[in-house]
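Residue numbers (full-length UniProt numbering): 1 to 189.
Built from N, CA and C at the ideal position, the CB exists for glycine as well.
Bear in mind that the values here come from a model prediction, so they are computed numbers and not experimental data.
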Amino acid sequence: MSLPHAILTALLEKPSSGLELTRRFDKSIGYFWSATHQQIYRELGKLEAEGLIRALPSEQPARGQKKAYEVLPAGRDELARWTAASQDPKPHRDVMLLRLRAAAVVGTEGLEADLRRHRELHERQLEKYREIERRDFPPGKDGPEDRLRHLVLRAGIDLETFWTQWLDHALAEFAGLPDAGERPDARKG
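Dropping the structure here:
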């Protein structure tokens, strides 16, 4: 049930229309908690029905006008309850790691090129995070809210750093493996 809490967080930071919220999601929370525009709009309806948010009154309600939402006290209470509750970490699931495990029994054909592609993607994401850090967290910007937001960004930077380093290691391992097209079971005979 984390998407509703991500939406409550974003709306507490700034009341927004559904469209504004989805755009903000794409530039911040979406880096670590993804949701489609449809999921966000559907969740806004549920949160409003549950009395956790409300559409702000509009001076001139018109057909097709964007509804802006704000969090009600019950929504803030729910977010505080959820934030304080203990949660166990979830097991990490990664398709690339599963593919590497499978390659041990069926061969590595095509995998090295994809490892290189993943390395490039992680490097680009790392640069994007570093740019956000330079832009949004200059020296001296260290209020409590800023420090917590920066902590989340640092997690992203550290994870992307880990992945680029790990992929460098994986690619070095590939250099010492037999021919990529050769199946491991063919070598046993």
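Could you name the residues that DSSP lists as bridge partners for residue i?
i, result
"Ile53", "Val71"
Closest by CA to residue i, which one among the options?
i, options, result
"Ala80", "Leu177, Glu160, Pro4, Ile157", "Pro4"
"Val152", "Val71, Gly30, Leu52", "Gly30"
"Glu127", "Ala175, Leu12, Glu160, Phe137", "Glu160"
"Ala113", "Tyr69, Leu167, Glu145", "Leu167"
"Trp163", "Pro138, Asp88, Leu97, Pro144", "Leu97"
"Ser28", "Gly143, Glu131, Ser86, Arg76", "Glu131"
"Thr36", "Phe174, Trp82, Phe25", "Phe25"
"Gly75", "Arg119, Leu19, Glu48", "Glu48"
"Thr83", "Phe174, Ala6, Gln165, His169", "Ala6"
"Phe137", "Arg124, Gln125, Arg154", "Arg154"
"Glu13", "Glu43, Gly45, Leu72, Asp88", "Leu72"
"Gln87", "Ser2, Arg23, Asp146, Ala175", "Ser2"
Between which two residues does the alpha helix (DSSP H) holding residue i run?
i, result
"Ala6", "2-13"
"Leu177", "First-last for Leu177: undefined, no H or E at that position."
"Asp26", "18-27"
Could you check whether residue j and residue i sit closer than 8 Å to each other, using their CB atoms as the reference points?
i, j, result
"Leu11", "Ile53", "yes"
"Glu78", "Leu121", "no"
"Thr108", "Leu171", "no"
"Glu50", "Pro15", "no"
"Leu111", "Arg93", "no"
"residue 230", "Leu115", "Nothing can be reported for residue 230, as the shown portion of the chain is limited to 1 through 189."
"Glu133", "Ile157", "yes"
"Ala68", "Ala55", "yes"
ask   = Which parts of the UniProt domain "Transcription regulator PadR C-terminal" (93-173) are runs of the beta strand (DSSP E), unbroken and 3 residues or longer, counting only runs that do not cross its ends?
value = none
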